[in-house]
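Trainee: Attaching a single structure in structure tokens format; questions to follow.
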Amino acid sequence: MQHNDFTPWFVSPQSQCKLSGFDTEPPSKGLPSGSALEEQLVELGEQLNKLQSTLHAAKTRGLLVVFQGMDTAGKDGVIRSVFSHVSPLGVRAEAFGVPTELESRHDFLWRIHAKAPARGEMVIFNRSHYEDVLVTRVRGMIDEAACQQRYDNILHFESLLQDSGISVLKCYLHISKSEQKKRLQARLDDPRKHWKLQPSDFADRELWPQFTQAYEAALSATSTPESPWYVVPADSKPYRDSFVAGLIVQTLENMKLKTPKPSFDLSKVKLT
Ligand code: ADP
838 MQHNDFTPWF
848 VSPQSQCKLS
858 GFDTEPPSKG
868 LPSGSALEEQ
878 LVELGEQLNK
888 LQSTLHAAKT
898 RGLLVVFQGM
908 DTAGKDGVIR
918 SVFSHVSPLG
928 VRAEAFGVPT
938 ELESRHDFLW
948 RIHAKAPARG
958 EMVIFNRSHY
968 EDVLVTRVRG
978 MIDEAACQQR
988 YDNILHFESL
998 LQDSGISVLK
1008 CYLHISKSEQ
1018 KKRLQARLDD
1028 PRKHWKLQPS
1038 DFADRELWPQ
1048 FTQAYEAALS
1058 ATSTPESPWY
1068 VVPADSKPYR
1078 DSFVAGLIVQ
1088 TLENMKLKTP
1098 KPSFDLSKVK
1108 LT
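Here the sequence shown is numbered in this note's numbering, starting from 838 and rising by one per residue.
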């Protein structure tokens, strides 16, 4: 995979994004497959490791990577596989579930802002503030007007992060409904995976069209060149992992990070 051209998967700002127009499977031509794809992930992992070390050392910029997707889309899997290549120093993963009683008495971005990266950090969100315009919208917890207002709040919040040196990269892990069926069945068939199942997984599957619509509206309203949404083909796990690793490498490269200069004159150091 060329890791420098992700344009076809970028959601154009203010477009009427249609997820059916994006493939859930990898492109069929000119791609590495099998072990070549695994080797590519190792290579991208090495680049990611170097770039993340510089990010951590320089403390001039930060990165927030948001993962959203239908149940079983692979949020946990991609986090495990891509971020196993970086040092835990300066990297943090945060997951967001149903808001607690305290959280729901605050504005919806309160708990999110508290977990946002500082300069020098890379933070991964497994679910995010986007739940507040997705599941809440589909389940009728907020109306259309409140949802529109939240899109604006999100745009302002992400531009505040950007102004503070924190880039936001958003990945929608795009799986087909038939792939979700296979993955749910595999979880049902394997007692070691039963803990991963929730009644909401099956209830939400029934609402696939409504979730798709909510995602399309949210992605269209909140994708910007500075805080882009990418639709990641996620039916193939190895392809998904390489794609995401490439996207993060590219984002970090674009920051043109520099290793800080030593704060004292090294030529005067005498080792005894
Ligand atoms: P996952 O499904 O990601 O493995 P959990 O089993 O903890 O993780 O499920 C998290 C649940 O919390 C999901 O059903 C999700 O829709 C819900 N959730 C997350 N954020 C919110 C929110 N702001 N409002 C309502 N529900 C939310």
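Note that CB positions come from ideal geometry on N, CA and C, so glycine has one too.
Enumerate in chain order the residues of its own chain whose CB-to-CB distance from Thr-973 is below 6 Å, with the five nearest sequence positions on each side excluded.
Mentor: Result list for Thr-973: Ile-979, in chain order.
Trainee: Which whole-angstrom value describes the C-beta separation of Ala-895 and Pro-1070, a residue pair presumed to lie in contact below a C-beta threshold of 8 Å?
Mentor: Contact doesn't hold; Cβ gap of about 32 Å is too wide.
Trainee: State the CB to CB distance for the pair Glu-901 and Ile-1012, rounded to an integer number of angstroms; the pair is presumed to be in contact (CB under 8 Å).
Mentor: The question names Glu, yet the displayed sequence has Leu at residue 901. Rounded, the Cβ-Cβ distance is 23 Å, inconsistent with contact.
Trainee: Give the single residue among Lys-1074, Ser-1037, Pro-1046 whose Cα lies nearest to the Cα of Ser-857.
Mentor: The shortest Cα separation from Ser-857 among Lys-1074, Ser-1037, Pro-1046 belongs to Pro-1046.
Trainee: Note down, in chain order, each residue of its chain lying with its Cβ closer than 6 Å to the Cβ of Arg-929, except the 5 sequence neighbours on either side.
Mentor: Here the set comprises Val-960.
Trainee: Pick helix, strand or coil for Ser-996, following the three-state DSSP scheme.
Mentor: DSSP places Ser-996 in helix when its eight states are reduced to three.
Trainee: Quick one: what's got a C-beta closer than 6 Å to Gln-839's C-beta in the same chain, skipping five residues either side?
Mentor: Interpretation of Gln-839 is limited by its pLDDT of 47, a score under 50 that renders its predicted location unreliable; the figure taken from the coordinates is listed afterwards. Around Gln-839: no qualifying Cβ.
Trainee: Can you give me the Cβ contacts of Ser-852 inside the same chain, cut-off strictly under 6 Å, excluding the 5 residues immediately before and after it?
Mentor: Result list for Ser-852: Ser-1057, in chain order.
Trainee: I want to check one thing, is the minimum distance from the CB of Val-903 to the heavy atoms of the ligand ADP below 7 Å?
Mentor: Result no, Cβ not under 7 Å from the ligand ADP.
Trainee: CA-CA distance, Asn-990 and Val-970?
Mentor: In a straight line, the C-alpha of Asn-990 is about 11 Å away from that of Val-970.
Trainee: So, at 6 Å on beta carbons, what are the nonlocal neighbours of Thr-891 in its own chain, with the 5 sequence-adjacent residues on each side left out?
Mentor: Closer than 6 Å at the Cβ level, and outside the excluded window around Thr-891, lie Leu-1094, Thr-1096.
Trainee: Going straight from the alpha carbon of Glu-1090 to that of Asp-1026, what length do you get?
Mentor: Whole-angstrom Cα-Cα distance: 42 Å.
Trainee: Val-935: beta carbon under 7 Å from a heavy atom of the ligand ADP?
Mentor: Val-935 Cβ: within cutoff of the ligand ADP.
Trainee: So the candidates are Gln-905, Lys-1107, Val-923; which of them puts its Cα closest to the Cα of Tyr-1052?
Mentor: With distances taken between Cα atoms, Tyr-1052 lies closest to Gln-905.
Trainee: Please work out which residues of its chain come closer than 8 Å, Cβ to Cβ, to Ile-916, disregarding the five sequence neighbours upstream and downstream, and give them in chain order.
Mentor: Excluding positions up to five away in sequence, the list reads Phe-904, Ala-930, Ile-961, Asn-963.
Trainee: Is the closest heavy atom of the ligand ADP to the C-beta of Arg-1077 under 7 Å?
Mentor: Not under cutoff, so the answer is no.
Trainee: Let me confirm a value: Leu-1108 is counted as buried when at least 16 other C-beta atoms fall within 10 Å, else exposed. Which label applies?
Mentor: Its Cβ having fewer than 16 others within 10 Å, Leu-1108 is exposed.
Trainee: Can you tell me the Cα-Cα spacing of Cys-1008 and Leu-888, whole angstroms?
Mentor: One C-alpha to the other measures close to 19 Å.
Trainee: Kindly examine the ligand ADP and report whether one of its heavy atoms sits closer than 7 Å to the Cβ of Asn-963.
Mentor: Checking the Cβ of Asn-963 against the ligand ADP gives yes.
Trainee: Can you give me the C-alpha to C-alpha distance between Leu-1103 and Val-879, rounded to a whole angstrom?
Mentor: For Leu-1103 and Val-879, the distance between alpha carbons rounds to 35 Å.
Trainee: May I ask you to report which of helix, strand or coil DSSP gives Lys-896?
Mentor: Lys-896: coil per DSSP, three-state reduction.
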